[in-house]
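Take 1142 as the starting number for the first sequence in the working numbering and just add one per residue. Each residue gets a CB set at the ideal place from its N, CA and C atoms; glycine is no exception. Since the structure is predicted, the reported quantities are computational estimates derived from the model, not experimental observations.
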Amino acid sequence: MKEYNHNKIEKKWQKFWDSEETYKTENKFKKKKYYVLDMFPYPSGAGLHVGHPRGYIGSDILARIRRMQGFNVLHPMGYDAFGLPAEQYAIEHNIHPRKAVEKNIKTFRGQFDKIGFSFDWSRQVNTTDPEYYKWTQWIFLQIYNSYYDLEQNKARPISELINKLEKTHRGWKELSEIEKEKILMEYRLAFEGFSEVNWCPKLGTVLANDEIVDDKDGNPVSERGGYPVEKKSMRQWFMRITAYADRLASDLEGLNWPQHIKEIQKNWIGVSHGSEIEFKTSIDRNIKVFTTRADTLFGVTYVVLSPEHTNIGEFIVQSSNMAEASKYIREAKEKSSKGDLTRDDKEKTGIELKGIKAINPANGEEVPVWIGDYVLASYGTGAVMAVPQHDERDREFSLKYNLPIIDRPLVDAKEITKKVGGKFVTKYKMRDAIFARQRYWGEPIPLRHDKNGLITPLKEKELPLKLPNVTGYEPTGTGESPLASVKAWVKEGYETNTMPGWAGSSWYFLRYMDPKNKKNFADKKNLEYWKDVDLYVGGQEHATGHLLYSRFWHKFLFDMGYVPTSEPFKNLKNQGLIMANDGRKMSKRWGNVINPDEIVKTYGADTLRVYEMFMGPFDETVAWSTESIIGSRRFIEKVWRIGEKVLENQKNVSLSLTLPRVRVGAHTLQKPSSDSLLKLLHKTIKKVTEDIEAMRFNTAISAMMILASEIEKEQGRTLDLQKDPTLSSEDYKKFLQILAPFAPHVAEDLWQNLNSQGRTLGSLKVRPFHSSIHLSKWPEWDEKLIIDEEVKIAVQINGKVRAEIEISIDMKDTDVFTLVENNESIKKWIDGHTIIKKIYVKGRLVNLVIS
RNA sequence: GCCCAGAUGGCGGAAUUGGUAGACGCGAUGGACUCAAAAUCCAUUGAUGGCAACAUCAUGAGAGUUCGAUUCUCUCUCUGGGCACCA
């Protein structure tokens, strides 16, 4: 018997698949398609650890079974290589980011190849490739040149808006280009604006909210380094994602995604339906408030404005405590470290605007007007009607400042809104997305600014606008992108901000459909054929980032008629994390990282794959245990041993034949499988098929382990007695086929050996080539074979199991009860008792309720 | 604080719509094979009592519904994740 040498076998077949192009996907438009996608990785310098492949193995198993089931499978891989870490790495190692990315991609590819994935590498994409980001820029321009038409509830070209404005607004034509631009900027789906950013002078960079922590005095500092952070207003590019808030929220319902991911997105979008109500005041200014509780309008005791409210100045100048109020606002702004978006949850403060009263439109009551830092300027109208009786925050504020709390009856929200002339509106927590980074390593934004500030988009033929080479990637220290110090760049008037990391990843799944297209981001025919992603596998950390942004872009492309579906990912599955042995996340910093290369070297890729799928449920967090891998390795070895024996037997039979025919082969001349083993085989085929489709890989493997053990036992018995296996090699091949998605190398090796043997005619060697097991037809199970006619059922007395009996599956319940009541071990329990109730659950159990 | 998910042997985990809790794997103990070791195979392995047949108790804690609850309901504890003054 040959030794199981995983290194030899795995290398051999990886080479074979590569040279045979086993996994190459053609656009066969007649064949039914299946698109299995992994979230493409960011190729970091650290390479893959053992946790990364988990999702890829799961999706690979799906890709393989679908291929065998006759689908035309698209299963691509690529790299999301723009972004801060590459730039950081470049600075630290003094190497151009492009070079660093190239190097890291090579490492990644090497690691991928060792694990035996069935990716079609001819479709690889790389977001930093100018041929790729040309289309990222192109999509940006489409978004820039569009607005959201509220009547049609979809995006339309900005030219349509201009037409409308020309017709309806006489003065439009007289406006200067700059003035027009200003107005249009209010509509464009990609627009320029200013925003307060978290500026860290020491790092010379802008930080995201989650990159900031509080130091021991409660002051905001950078997470990295602990340097002070301040606010700074900066020119930015934005994406008007809020235009899609409603559709992004409501379309979630139709998606087959994990419930909690949908929940996270829903909360993030934060839809609330309410009313906008105007309060007249004692000065010549109204205060518009937003409320979801118009029914509490009679309970209003004061009105509060945010310190950043747009009209705050006009109120302050008319108040009798103007100096005090201005001082309060200044302090409030300083206090809010992370911008008004997420003011720290400290104690609420406020100040009354003395001398100004607001009038409750419901009953004409005069109430005081306050400024309070618990009101956010960026949500609703930036002003709130306070009802301490029904709102906890208003109550807290009232208690602190000794404001009255009154109990008034509730009224109908709709009626009262109408009565006071309010409007029904929907508000969202979600903000427009900032679409600019003051960084080098990102897609250049394809726009020109002229001296007067007029913006012109680049023409399509000018794309891609390639990143220029620079001498240094360090932040400029002024907050501007390193591109601002490239003379030629600035001379052309090119935008110096680059796109954020999520730009390239918002549409890459479309590029895989037609990755080499030079005329379009993808050809229409391909887009219509591959349509959308049937299964998307990735981590749940992208719930509010990538998964939301790509839905947004996709909806935009759908509105404009570029893609055939309004949602990109029909089904989504999240793989769970693999923690280290010590229960912590795998990280260089804890020194607990396990490299898959080492596992592959010692145990083999097939073992790694089986183990990672066997560890636990696919979507749950599990801890790595190198100790436990051995179980998966033993299983593979068992499969190997069985295979070697099948091969041996086949050889014996074929030797005894005088004139074997090539096509018939030895196996068909063997005895059919024994009943029980055949039955088990078919049950296993069913279980594995169904489990893979539901991504219950752990139980699928468990079922195959049971089958393998049974086969080996049977082999042992029959070989010892009569040298005649009871499992035909045809049946054994079916087992190999269902194992193939999990352990593609061993399965292929044994499959090829079994197939090529029958083709050897004495000294006449037939070319030992057979089509791959991975392109063979997935075995079917025989429903008739699976049914158990005799079943063991439990007999319970008052819910406690007292005996077990064997009955035929279609026995009538009365007969079953008779059998049970005459059973010796049951008799002793029912003697002297009366049977109150008899329950028979078909094929499962009998329960007798006795007094 | 609010929202979501989860808790089962020494460990990872199984358990169709409520129906024999602990499949499968790791580890452990004993045995076979071997000069020996490795590998492999066999047996045992939730707890307690008993020589045993067997009995009792067990799915984070407590209650409830039910003939029957790991599964459904309520309360609580802990763990993981999300949001964090969104009116």
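Nearest-angstrom Cα separation, counted from residue j out to residue i
i: Gly1772; j: Ala1888; result: 18 Å
i: Phe1876; j: Thr1830; result: 12 Å
i: Tyr1285; j: Arg1329; result: 6 Å
i: Tyr1230; j: Leu1438; result: 57 Å
i: Glu1161; j: Ser1913; result: 9 Å
i: Thr1442; j: Ile1719; result: 54 Å
i: Asp1993; j: Ile1319; result: Beyond the ends of the chain as shown, which are 1142 and 1992, falls residue 1993; an answer cannot be given.
i: Ala1499; j: Tyr1183; result: 55 Å
i: Phe1141; j: Met1846; result: There is no way to answer for residue 1141, as the model of the chain reaches only from 1142 to 1992.
i: Ser1817; j: Ile1928; result: 12 Å
i: Ile1405; j: Phe1759; result: 20 Å
i: Lys1979; j: Ile1938; result: 10 Å
i: Lys1570; j: His1414; result: 12 Å
i: Leu1967; j: Ile1977; result: In the sequence on display, residue 1967 carries Ile and not Leu. If I take the Cα positions, the gap works out to 15 Å.
i: Lys1665; j: Val1704; result: 8 Å
i: Ala1764; j: Asn1722; result: 6 Å
i: Ile1557; j: Gly1594; result: 48 Å
i: Pro1813; j: Gln1856; result: For Pro1813, the pLDDT reaches just 37, beneath the cut-off of 50, and the residue's location in the model is therefore unreliable, leaving the point undetermined.
i: Thr1422; j: Glu1472; result: 26 Å
i: Leu1891; j: Phe1212; result: 24 Å
i: Val1362; j: Ser1374; result: 18 Å
Cutoff 7 Å; reference residue i; Cβ partners in own chain excluding five residues on either side
i: Leu1796; result: Confidence at Leu1796 is low in this model, with a pLDDT of 44, below 50, so the placement of that residue should be treated as unreliable; the coordinate-derived value is given next. Cβ within range, chain order: n/a, list empty.
i: Glu1488; result: none
i: Asn1452; result: Arg1426
i: Leu1821; result: Leu1848, Glu1851
i: Phe1110; result: With the chain represented from 1142 up to 1992, any question about residue 1110 goes unanswered, as that position is not in the structure.
i: Ser1949; result: Glu1930, Glu1931
i: Gly1618; result: Gly1345
i: Arg1908; result: At Arg1908 the pLDDT is 49, less than 50, meaning the model places this residue with poor confidence and gives no usable figure here.
Own chain residues within Cβ distance below 6 Å of residue i, not counting five before or after
i: Tyr1873; result: Val1787
i: Val1266; result: Gly1219, Tyr1273, Tyr1649, Arg1652, Pro1656
i: Asp1832; result: Thr1840, Ala1841
i: Tyr1176; result: Leu1215, Trp1671, Val1674, Asp1675
i: Trp1511; result: Tyr1443, Val1445, Gly1491, Glu1493
i: Trp1276; result: Phe1662
i: Phe1249; result: Pro1184
Start-to-end residues for the alpha helix (DSSP H) that takes in residue i
i: Arg1205; result: 1194-1209
i: Met1526; result: First-last for Met1526: 1524-1527, but that is the beta strand (DSSP E), not the alpha helix (DSSP H).
i: Thr1567; result: Here Thr1567 belongs to no alpha helix (DSSP H); instead the beta strand (DSSP E) covers 1564-1569.
i: Ala1241; result: 1238-1256
i: His1590; result: Run containing His1590: none in the alpha helix (DSSP H); it sits in the beta strand (DSSP E), 1588-1590.
i: His1974; result: Premise fails: His1974 is in no alpha helix (DSSP H) and is neither H nor E.
i: Phe1995; result: The requested residue 1995 is not part of the displayed model; the chain covers only 1142 to 1992.
Beta-bridge partners of residue i, as assigned by DSSP
i: Arg1692; result: The partner list for Arg1692 (beta bridge, DSSP) is empty, contrary to what the question assumes.
i: Tyr1220; result: Asn1267
i: Met1720; result: Lys1726, Ala1764
i: Ala1499; result: Thr1422, Val1508
i: Asp1179; result: Val1678
i: Glu1945; result: Ala1935
i: Ser1413; result: Lys1568
Limits of the unbroken beta strand (DSSP E) element including residue i
i: Pro1226; result: Element bounds for Pro1226: not the beta strand (DSSP E) but the alpha helix (DSSP H), 1225-1234.
i: Met1380; result: 1371-1380
i: Tyr1752; result: Counting along the chain, Tyr1752 falls outside any beta strand (DSSP E), though it belongs to the alpha helix (DSSP H) covering 1746-1755.
i: Trp1340; result: 1331-1341
i: Ala1296; result: 1295-1298
i: Ser1707; result: First-last for Ser1707: undefined, no H or E at that position.
i: Asn1543; result: Neither: Asn1543 is in no beta strand (DSSP E) and is coded neither H nor E.
Close-in-space but distant-in-sequence residues of the same chain around residue i (CB under 8 Å, 5 per side omitted)
i: Gly1680; result: Met1180, Gly1196, Asn1715, Gln1716, Leu1718
Checklist line | Touching by the beta-carbon criterion (3+ pairs, under 8 Å), the stretch 1722-1731 and the stretch 1745-1755 | finding: no
Margin query: Check whether the stretch 1365-1385 and the stretch 1558-1565 touch, using three or more Cβ-Cβ pairs below 8 Å as the test.
Written below: no
Margin query: Pairs of beta-carbons, one from the stretch 1647-1656 and one from the stretch 1583-1600, closer than 8 Å: are there three or more?
Written below: no
Note to self: Within 8 Å, do at least three Cβ pairs link the stretch 1579-1596 to the stretch 1612-1630?
What the structure shows: yes
Note to self: Pairs of beta-carbons, one from the stretch 1453-1469 and one from the stretch 1535-1549, closer than 8 Å: are there three or more?
What the structure shows: no
Notebook entry, point to check: Counting pairs of Cβ atoms below 8 Å between the stretch 1382-1402 and the stretch 1676-1692, do you hit three or more?
Noted result: yes
Checklist line | Meets three-Cβ-pair contact criterion under 8 Å: the stretch 1285-1295 and the stretch 1240-1254 | finding: no
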